[in-house]
Amino acid sequence: MALYEHVFLARQDLAQAQVDALAEAATKIITDNQGKVVKTETWGLRSLAYRIAKNRKAHYVMLEIDAPAGVVAELERQTQINEDVIRYMTVKVDGLEEGPTVMMRKGA
Numbered sequence: 045m046a047l048y049e050h051v052f053l054a055r056q057d058l059a060q061a062q063v064d065a066l067a068e069a070a071t072k073i074i075t076d077n078q079g080k081v082v083k084t085e086t087w088g089l090r091s092l093a094y095r096i097a098k099n100r101k102a103h104y105v106m107l108e109i110d111a112p113a114g115v116v117a118e119l120e121r122q123t124q125i126n127e128d129v130i131r132y133m134t135v136k137v138d139g140l141e142e143g144p145t146v147m148m149r150k151g152a
C-alpha cells in the first residue's frame, strides 16, 4: 500500500459538525476498502487566496492515508460528487510526517 495526503476544502457556510461528518465519510470510504487513515487534522476556517464558487473562506481538512491506489480513486470520485467540497487534492508521499503538520504548528 502507498502513502497519501488528501486535503479538501469545504464550503464556508457549513457548521463544524458538518465538516467533521465529511471527514468521517472520507474515513469510512477508506476503511471500507482495506485502507487506513493514519491521521486526520482539521485546520479550521481559513481565508482563500481567491474566490472559489462564491466562497471567500473554506474549512480545511487533511487526511494522511495508507491505502492502495483503487481506494484513493474511489475517495476522489466521492469527493468530486459532494457539493459541500469546493476543492480537493491528493498527493502521494514517500513518508508521513510525525506529530502535527506545519499548518497546526503555526497555530492555524
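If you read the sequence shown in my numbering, its first letter stands for residue 45, the second for the next number, and so on.
Idealized CB from N, CA, C, for every residue including glycine.
Note that the structure is predicted; figures quoted are calculated from it, not measured.
With 16 as the cutoff for other CB atoms within 10 Å, does residue i come out buried or exposed?
i	result
glycine 79	buried
alanine 59	exposed
alanine 61	exposed
If you draw a straight line from the C-alpha of residue i to the C-alpha of residue j, how long is it?
i	j	result
glutamate 49	arginine 95	24 Å
arginine 121	threonine 71	14 Å
leucine 66	glutamate 118	15 Å
alanine 152	methionine 45	Because alanine 152 sits at a pLDDT of 48, beneath the cut-off of 50, its placement in the model cannot be relied upon, and the following sentence gives the value as read from the coordinates. About 30 Å.
alanine 93	lysine 101	9 Å
Measuring alpha carbon to alpha carbon, tell me which residue in the options is nearest residue i.
i	options	result
proline 112	Phe52, Thr75, Thr84, Val146	Thr75
tryptophan 87	Arg100, Val81, Lys98, Tyr104	Tyr104
lysine 98	Pro144, Ala54, Met147	Ala54
Per DSSP, residue i is paired with what?
i	result
arginine 55	Ala102
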